[in-house]
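Here is the structure we will look at.
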Amino acid sequence: MKPRLLLSLAAAMLLAGCVTHETGSSSGIATVNPGYRPDVKTDEAGIWLTADKAEADLRDSANRVRDPALNALVSDMVCKLAAEYCGDLRPYVVRVPHFNATASPNGAISIWSGLLIRARTESELAAVVGHEITHYARRHTLARFRNARENTDVAAVLGLLGATTGVAQIAELPHVIAVGNIQAFSRDNERESDEEGFNRLVKAGYEPSAAADVWKRILDLKKAKHEFEYESYEDRTVRLFVASHPPSEEREKSLRELAEKTAKPTVPPPDRLRQALVGVRLDFLLDEVKLGQFRESKALFELLLKDDPLPGQIYYALGELYRKRAKDDDELVSMSYFHQACEAMGAPPEAFRMVATIRWRRGEKELAKEYFRRYLNAAPDAGDRDLITHYLGS
Amino acid sequence: MFTSFRLVLVAALALSVSACATRTLSTTDKLTRDVAQPKILLMPADVELSELTAGGLTELNADWTLSGQRNLKAALNEHLAKLNARFSEYQPLAQDDPHYDTFQQLQKLHGVTGINIQNYAFPPAPGLPGKEGKFNWALGPATTMLAESTDSQYALFVWLRDSYTSSGRRALKLAAAILFGVQMEGGKQVGYASLVDLKTGEIVWFNLLARESGDLRDLASARESVDTLLTGLPQ
Numbered sequence: 001m002k003p004r005l006l007l008s009l010a011a012a013m014l015l016a017g018c019v020t021h022e023t024g025s026s027s028g029i030a031t032v033n034p035g036y037r038p039d040v041k042t043d044e045a046g047i048w049l050t051a052d053k054a055e056a057d058l059r060d061s062a063n064r065v066r067d068p069a070l071n072a073l074v075s076d077m078v079c080k081l082a083a084e085y086c087g088d089l090r091p092y093v094v095r096v097p098h099f100n101a102t103a104s105p106n107g108a109i110s111i112w113s114g115l116l117i118r119a120r121t122e123s124e125l126a127a128v129v130g131h132e133i134t135h136y137a138r139r140h141t142l143a144r145f146r147n148a149r150e151n152t153d154v155a156a157v158l159g160l161l162g163a164t165t166g167v168a169q170i171a172e173l174p175h176v177i178a179v180g181n182i183q184a185f186s187r188d189n190e191r192e193s194d195e196e197g198f199n200r201l202v203k204a205g206y207e208p209s210a211a212a213d214v215w216k217r218i219l220d221l222k223k224a225k226h227e228f229e230y231e232s233y234e235d236r237t238v239r240l241f242v243a244s245h246p247p248s249e250e251r252e253k254s255l256r257e258l259a260e261k262t263a264k265p266t267v268p269p270p271d272r273l274r275q276a277l278v279g280v281r282l283d284f285l286l287d288e289v290k291l292g293q294f295r296e297s298k299a300l301f302e303l304l305l306k307d308d309p310l311p312g313q314i315y316y317a318l319g320e321l322y323r324k325r326a327k328d329d330d331e332l333v334s335m336s337y338f339h340q341a342c343e344a345m346g347a348p349p350e351a352f353r354m355v356a357t358i359r360w361r362r363g364e365k366e367l368a369k370e371y372f373r374r375y376l377n378a379a380p381d382a383g384d385r386d387l388i389t390h391y392l393g394s
Numbered sequence: 395m396f397t398s399f400r401l402v403l404v405a406a407l408a409l410s411v412s413a414c415a416t417r418t419l420s421t422t423d424k425l426t427r428d429v430a431q432p433k434i435l436l437m438p439a440d441v442e443l444s445e446l447t448a449g450g451l452t453e454l455n456a457d458w459t460l461s462g463q464r465n466l467k468a469a470l471n472e473h474l475a476k477l478n479a480r481f482s483e484y485q486p487l488a489q490d491d492p493h494y495d496t497f498q499q500l501q502k503l504h505g506v507t508g509i510n511i512q513n514y515a516f517p518p519a520p521g522l523p524g525k526e527g528k529f530n531w532a533l534g535p536a537t538t539m540l541a542e543s544t545d546s547q548y549a550l551f552v553w554l555r556d557s558y559t560s561s562g563r564r565a566l567k568l569a570a571a572i573l574f575g576v577q578m579e580g581g582k583q584v585g586y587a588s589l590v591d592l593k594t595g596e597i598v599w600f601n602l603l604a605r606e607s608g609d610l611r612d613l614a615s616a617r618e619s620v621d622t623l624l625t626g627l628p629q
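Quick note, the sequences are listed as chains A and B, same order.
FYI, the working numbering numbers position 141 of the first sequence as 141, with every residue one higher than the one before it.
FYI, the working numbering numbers position 28 of the second sequence as 422, with every residue one higher than the one before it.
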């Protein structure tokens with residue numbers, strides 16, 4: 001493995017020198033015109049057909065978030081960031097508890113719930129969405145497909161020629177180089193999207209430092225997850241070679257440099273994210289709990305607690321995080337979080353019920369009844385009202 | 395892995411694919427006749443036509459796919475008419491129709507079930523342990539919605555992926571054959587037709603098509619493909 005890898009890395013480095021870019025575009029493909037649809041005879045039409053199918057699935061998916069306030073915000077944001085594509089871009093919010101957003105070549109944009117709870121301001125969300133809009137505007141999917149086709153074609157021919165030598169490494173080499181080239185091309189697209197996404201962010205009047213801030217957050221959370229550096233040097237080299245995106249550290253640094261060179265907006269940028277999330281955020285937080293990544297989730301929730309207007313939701317999620325891990329004293333810790341939730345703004349009624357059921361199990365029936373009553377006060381139409389009334393009567 | 399060894403492997407697989415055009419799994423060879431002439435609901439076919447690039451990527455071709463869809467639809471209608479079957483095409487529902495979600499879910503469920511039957515129910519796959527060698531796959535009771543809203547007893551689902559060798563790939567195949575005497579993989583036609591009893595939700599007949607020939611880009615070839623795909627359809 002090792003000598004082969006070194007050889008291919010060396011070859012990839014040689015080839016990387018040959019890659020040229022046209023000014024302003026990492027792919028050499030023209031920026032998409034407003035209202036564009038590809039001709040049915042082109043390779044791009046095939047890519048759009050796939051994207052149209054995926055979009056229909058997304059539109060009908062039970063995982064799509066249909067909350068009107070949140071959808072109104074993302075639609076408005078997309079048009080602020082790209083007025084010229086306002087009629088071509090269709091944002092969808094989806095309930096996927098990871099940090100990501102995607103842009104399809106046909107103009108469908110999906111914004112994941114995990115991003116929505118990690119972004120702390122509208123500007124931070126706009127930074128990621130602006131990046132995705134650049135993928136659309138610059139037709140990166142088409143560019144990547146053509147690049148992959150060229151590279152695999154060349155590799156197939158060279159691989160066949162290499163096979164005539166009867167030496168396995170020589171026959172394999174073109175394929176390894178192709179993978180490296182394809183991924184390097186993808187990283188260039190990402191850098192272009194970071195840069196142009198940043199320009200869109202600033203032009204729309206958002207906070208310039210938000211782009212770097214969001215990457216800083218992701219790095220901090222990653223560090224919280226891995227308390228020690230577990231990757232060996234070799235692992236890291238391989239990962240850099242095959243990665244589709246530049247390392248987060250690099251992205252934060254370049255975006256920070258761009259922000260430092262840019263004037264702050266003259267009017268304070270809009271920040272409607274928290275208000276738009278009111279109806280759905282608790283669900284998103286509880287999806288995060290279900291990921292079973294205790295350290296990262298705990299770090300995220302503690303970070304959110306710093307200045308959140310609805311800490312009751314976050315205390316509740318922290319309580320759930322401990323209750324579901326169920327190690328040693330976790331039930332006690334979770335109960336203390338549920339108590340904190342009950343006294344904080346934004347407490348979900350379930351926080352009262354959680355305190356009540358844990359207290360009940362511990363034999364503290366009077367205290368439990370008090371919280372069952374508070375639960376029914378907070379949720380008079382609760383589906384389990386009869387059951388709770390039964391507890392109260394016993 | 396040594397490339398030429400991989401080529402041999404691919405060639406062996408290709409041979410095993412071409413040995414038989416269709417294979418059938420079924421629970422019956424006759425339609426249940428609770429009504430004198432059971433009606434078959436023809437579901438929207440899921441079809442994609444692609445080009446196999448020299449490097450081995452499958453590149454979806456929109457133009458071919460659109461004509462493939464048209465030809466397939468016409469050929470399916472002709473075939474069922476030839477069999478004297480009573481059938482009707484499913485009419486797509488509006489998004490605010492109360493049945494819309496159930497319909498979409500059934501389409502998706504059949505897609506997933508079809509893939510699993512393809513992958514696990516046909517040898518050389520060992521079969522799923524829970525199935526104990528039986529062919530018993532079902533979409534569940536929600537299919538009654540289709541029966542009631544369209545007055546049908548059966549639904550026919552068709553899924554097809556057709557790929558064609560690009561000129562670059564053809565040149566490469568030729569070179570591989572001359573240099574090493576091996577047969578590189580080319581375009582192929584894979585897919586299935588599946589008949590569902592809407593009363594029980596059971597898949598009563600499943601025909602798997604896998605071959606290195608067949609075409610959907612013109613109507614005559616599409617007819618041949620549909621005749622092959624629907625060989626042995628219960629009547």
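Yeah, the Cβ is synthetic: ideal placement off N, Cα and C, and Gly gets one too.
- The way I'd put it, the segment 575–591 of chain B does touch the segment 550–567 of chain B; three or more beta-carbon pairs between them come closer than 8 angstroms.
- Contacts with chain B (Cβ-Cβ distance below 9 angstroms) from the segment 331–357 of chain A involve no residue at all.
- Close CB contacts of TYR514 of chain B within its chain, under the 7 angstroms cut and outside five residues either way in sequence, are with GLY521, LEU522 (chain order).
- Within chain A, the C-beta atoms nearer than 8 angstroms to that of ASP457 of chain B come from VAL40, LYS41, ALA45, in chain order.
- In the DSSP assignment, GLY585 of chain B falls within the unbroken beta strand (DSSP E) covering 583–591.
- Residues of chain A with a Cβ closer than 9 angstroms to the Cβ of GLY508 of chain B do not exist; the shortest Cβ-Cβ separation is about 16 angstroms.
- When only Cα atoms are considered, TYR36 of chain A and THR141 of chain A end up about 15 angstroms apart.
- Annotation: Cβ neighbours of GLN498 of chain B in chain A (cutoff 7 angstroms, chain order): ASP60.
- Measuring C-alpha to C-alpha distances from LYS567 of chain B to each of B:LYS424, B:THR426, B:LEU446, B:ALA475 identifies B:LEU446 as the nearest.
- If you check the CB distance, ALA45 of chain A and ASP491 of chain B do not come in under 8 angstroms.
- Going by C-alpha positions, VAL40 of chain A is about 19 angstroms away from THR31 of chain A.
- Taking CB atoms only, LEU142 of chain A has no neighbour in chain B less than 8 angstroms away.
- Considering only B:VAL620, B:GLY626, B:LEU627, B:GLN501, the residue with the shortest C-alpha distance to ALA468 of chain B is B:VAL620.
- No Cβ-Cβ contact shorter than 8 angstroms links PHE352 of chain A with ARG325 of chain A.
- By DSSP's assignment, ALA549 of chain B forms a beta bridge with B:LEU435, B:VAL590.
- Inter-residue distance for THR152 of chain A and SER560 of chain B is about 14 angstroms (C-alpha atoms, whole angstroms).
- With respect to chain B, the C-beta atom of THR165 of chain A has no partner C-beta closer than 8 angstroms.
- In this model, ALA119 of chain A and ALA82 of chain A are separated by some 20 angstroms (Cα to Cα).
- Using beta-carbon distances, LEU158 of chain A does not count as an interface residue toward chain B, since no partner is under 8 angstroms.
- Contact between the segment 567–576 of chain B and the segment 607–621 of chain B is absent: fewer than three C-beta pairs spanning the two stretches fall below 8 angstroms.
- Taken in chain order, the members of the segment 437–452 of chain B whose beta-carbon sits within less than 7 angstroms of a beta-carbon on chain A are THR447, ALA448, GLY449, GLY450, LEU451.
- Contacts with chain B at 8 angstroms (Cβ-Cβ) include THR152 of chain A.
- Taken through DSSP and simplified to helix, strand or coil, LEU304 of chain A comes out as helix.
- Cα atoms of LEU589 of chain B and VAL598 of chain B: separation of roughly 6 angstroms, rounded to the nearest angstrom.
- The beta carbon of ALA155 of chain A lies closer than 8 angstroms to those of PRO174, HIS175, ILE177, ALA178 in the same chain, with the five residues before and after it left out.
- As the crow flies, the alpha-carbon of GLY505 of chain B is around 11 angstroms from that of GLN498 of chain B.
- Pairing GLU260 of chain A with GLU579 of chain B, the inter-Cα distance amounts to about 54 angstroms.
- Within 10 angstroms of the beta-carbon of SER186 of chain A lie 16 or more other beta-carbons, which makes it buried.
- Cβ proximity to chain A below 7 angstroms picks out GLY562 from the segment 542–562 of chain B.
- Chain order gives the chain A residues near LEU460 of chain B as VAL40, where near means a beta carbon separation below 8 angstroms.
- Taking C-beta atoms as the reference points, THR537 of chain B and GLY581 of chain B fail to come closer than 8 angstroms.
- The beta carbon of ALA378 of chain A is closer than 7 angstroms to those of PRO349, PHE352 in its chain, skipping five residues each way along the sequence.
- Per the coordinates, the alpha-carbon of ALA430 of chain B lies some 16 angstroms from the alpha-carbon of LEU592 of chain B.
- Distance check between LEU285 of chain A and each of A:ASP213, A:ARG95, A:ASP330 places A:ARG95 closest, using alpha-carbon atoms only.
- With contacts defined by Cβ atoms closer than 8 angstroms, PRO432 of chain B and TYR548 of chain B form a contacting pair.
- Residues of chain A whose Cβ lies closer than 8 angstroms to the Cβ of LEU566 of chain B are, in chain order, ALA156, VAL157, LEU160.
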